[in-house]
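Sequential numbering of the sequence shown, starting at 0, is according to numbering that gives the first Met the number 0.
Yeah, the Cβ is synthetic: ideal placement off N, Cα and C, and Gly gets one too.
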Amino acid sequence: MNKKGFTLIELAMVLVIIGILAGIGVTVLGILVKRAKINSTKEIINAASDSLISYAGSSLRLPSNDNEFKSVVRTPVDPFGKKIKYFVDQDLTSASKLVCRKRNTNLTVRICGDTACSSPIDVKNVAFLLVSGSLNNNIQTGDGNTYTQDHTILLNTPTTINVYDYGIDNIDNFPADMNRPERYDDIVKWITLGELQTKIRCENRLSILNNELPYGYENSSYNAAIFAEGGIPFTDGSDPDTDPDYKWCFQGSLPSGISINCANNLTASTNCLNPDGSVNSGANWNQCTSPVLSGTIASGQTGSYNVRFFVTDSEGNLAEKSLVLTVNPQTSSSGLSAPPGSQVSFANDLGNFSEIENNPNAVNTDQNNGIVTFGNGQNNTYGCFWYNGTFTLKNKTMRAFFYFKLSVDTSSDSRGDADGFTFVVREYPWSINCGGTGGKLGYDGLDKESIAVEIDTYPNTSWSTPAEDYKDPYTGNKGLNHVSIDFNGSVT
Numbered sequence: 000m001n002k003k004g005f006t007l008i009e010l011a012m013v014l015v016i017i018g019i020l021a022g023i024g025v026t027v028l029g030i031l032v033k034r035a036k037i038n039s040t041k042e043i044i045n046a047a048s049d050s051l052i053s054y055a056g057s058s059l060r061l062p063s064n065d066n067e068f069k070s071v072v073r074t075p076v077d078p079f080g081k082k083i084k085y086f087v088d089q090d091l092t093s094a095s096k097l098v099c100r101k102r103n104t105n106l107t108v109r110i111c112g113d114t115a116c117s118s119p120i121d122v123k124n125v126a127f128l129l130v131s132g133s134l135n136n137n138i139q140t141g142d143g144n145t146y147t148q149d150h151t152i153l154l155n156t157p158t159t160i161n162v163y164d165y166g167i168d169n170i171d172n173f174p175a176d177m178n179r180p181e182r183y184d185d186i187v188k189w190i191t192l193g194e195l196q197t198k199i200r201c202e203n204r205l206s207i208l209n210n211e212l213p214y215g216y217e218n219s220s221y222n223a224a225i226f227a228e229g230g231i232p233f234t235d236g237s238d239p240d241t242d243p244d245y246k247w248c249f250q251g252s253l254p255s256g257i258s259i260n261c262a263n264n265l266t267a268s269t270n271c272l273n274p275d276g277s278v279n280s281g282a283n284w285n286q287c288t289s290p291v292l293s294g295t296i297a298s299g300q301t302g303s304y305n306v307r308f309f310v311t312d313s314e315g316n317l318a319e320k321s322l323v324l325t326v327n328p329q330t331s332s333s334g335l336s337a338p339p340g341s342q343v344s345f346a347n348d349l350g351n352f353s354e355i356e357n358n359p360n361a362v363n364t365d366q367n368n369g370i371v372t373f374g375n376g377q378n379n380t381y382g383c384f385w386y387n388g389t390f391t392l393k394n395k396t397m398r399a400f401f402y403f404k405l406s407v408d409t410s411s412d413s414r415g416d417a418d419g420f421t422f423v424v425r426e427y428p429w430s431i432n433c434g435g436t437g438g439k440l441g442y443d444g445l446d447k448e449s450i451a452v453e454i455d456t457y458p459n460t461s462w463s464t465p466a467e468d469y470k471d472p473y474t475g476n477k478g479l480n481h482v483s484i485d486f487n488g489s490v491t
């Protein structure tokens, strides 16, 4: 009989082969699972970074505690079950919304290529750093201090965190979870402050607001202030006001008779900045809120004077702006220049004005800084601020120059703030001192002939009759904010 089958030796060989293949399969499966978890961790860290950036864009600060962090970051725990650590400069979490104003942070990331970190690369001014313990479930990224927080580690002093190349042996700079030096495998991501500010399109960076200087005239008084905003100002210094200060420097020449006051006389510098763009401490830098150009322009000074202003704040942020001061002759056959005695200047001197308002808070005057504030967040108010002098303007040219600033409007429909304002020249005498509220902007309702420049910031939604021409053009079910020239009567 011919019988077929396996011998014991053959069967043993088959079982050995099956065992080898099963072992290889288990090993490969384990590697694939680990790789999947590592890739998932990288995705979680990247998503957490994106969430923090989005939060900073809407709140102008970063999360300040574990509860905020967990509400912002979708997955605060990595696939290995380890809580993600979030190192952040404490100033950037402040309710003062300093993300867009600061230039420096307390956090430096030091990149190390060996255990001793003998040739480090420092990344300064880091906004935040995210860390996962990864495969070994051991967070090794830190500065050697014991941090017991679940997630959020606030840094209020200069701190350097070491980050190592993958696989560097004998590393553990985060002893809080376990002190077990081993091969470095942490998954980390950091965002610098500059990168964060660029990504969220910061609008609160230090800047000089002026885009031009008013014209000047020979033998006439001149007064103009330079304004800055943003950054982190210095505390008030020795200038007359109580507002926060900046430090100012300028290059260029001024017409004879004009000087710049910034707490005291500010003289021109040859180079306000060093060749590398940093502040030149040897230049003339004065601290004040706003430099003021003033004086009486001397004869023979007709021409254009280029002046370059520089400003810095307590963080070392810098901004600059080149402006031109144009001086016209005292008289001109063209009739476009002011004849002697015809110029009216009340910069930083509002004493010769009268307030007319339906609410005591509708118009506020800051005599020290020459600033008039309209509205003050009051509802159903109107106000007028009239110069008390009168002049004959028929068939004459008139130039007016003033600065105005509106509160930042982040709403979708511009309905949260006042309607706007007008700059008005009107016939005197009159019997109605001020117009109405809302879209009337204090102008509609005035008697006598007048002309107005209208800055309208509220979307009124009706424009049905000529009597309502002061309201917004109406299209697509929306009233449009606008700037316009308004006439009342026949103005010549």
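Rounded Cβ spacing between residue i and residue j (contact assumed at less than 8 Å)
| i | j | result |
| --- | --- | --- |
| Q196 | P254 | About 39 Å; that fails the 8 Å criterion. |
| I138 | K81 | 7 Å |
| N161 | D142 | 7 Å |
| K320 | I207 | 4 Å |
| A223 | P213 | 5 Å |
| I83 | S131 | 6 Å |
| L129 | Y85 | 6 Å |
C-beta contact flag for residue i and residue j at 8 Å
| i | j | result |
| --- | --- | --- |
| G230 | R100 | yes |
| L292 | Y221 | yes |
| R102 | G315 | yes |
| I170 | T241 | no |
| V310 | A175 | no |
| T104 | D121 | no |
| N218 | S298 | yes |
| F68 | P75 | yes |
| N279 | N270 | yes |
| D416 | T380 | no |
| S50 | V72 | yes |
| G382 | G441 | yes |
Per-residue DSSP class, three states only, for residue i
| i | result |
| --- | --- |
| T456 | coil |
| Q196 | helix |
| L154 | strand |
| G294 | strand |
| Q286 | strand |
| M12 | helix |
| Y381 | coil |
| Y469 | Model confidence at Y469 stands at a pLDDT of 48, short of 50, so the residue's coordinates are unreliable; what they give is reported in the following sentence. Y469: coil per DSSP, three-state reduction. |
| Y163 | strand |
| L51 | helix |
| L272 | strand |
| L106 | strand |
| D142 | coil |
| I431 | coil |
| K123 | strand |
| N218 | coil |
| N263 | strand |
| K439 | helix |
| K404 | coil |
Residues bridged to residue i (per DSSP)
| i | result |
| --- | --- |
| I170 | E181 |
| C248 | F309 |
| G369 | Looking at the DSSP assignment, G369 forms no beta bridge with any residue, so it has no partner. |
| S39 | Partner(s): none; S39 has no beta bridge. |
| T364 | V371 |
| T325 | S303 |
| W189 | L128 |
| Y85 | L129 and T151 |
| I257 | G294 |
| G419 | D455 |
| V71 | Answer is none; V71 lacks a bridge partner. |
For this session: Examine the Cβ distances between the segment 383–397 and the segment 422–440 and report whether three or more of them are shorter than 8 Å.
Result: yes
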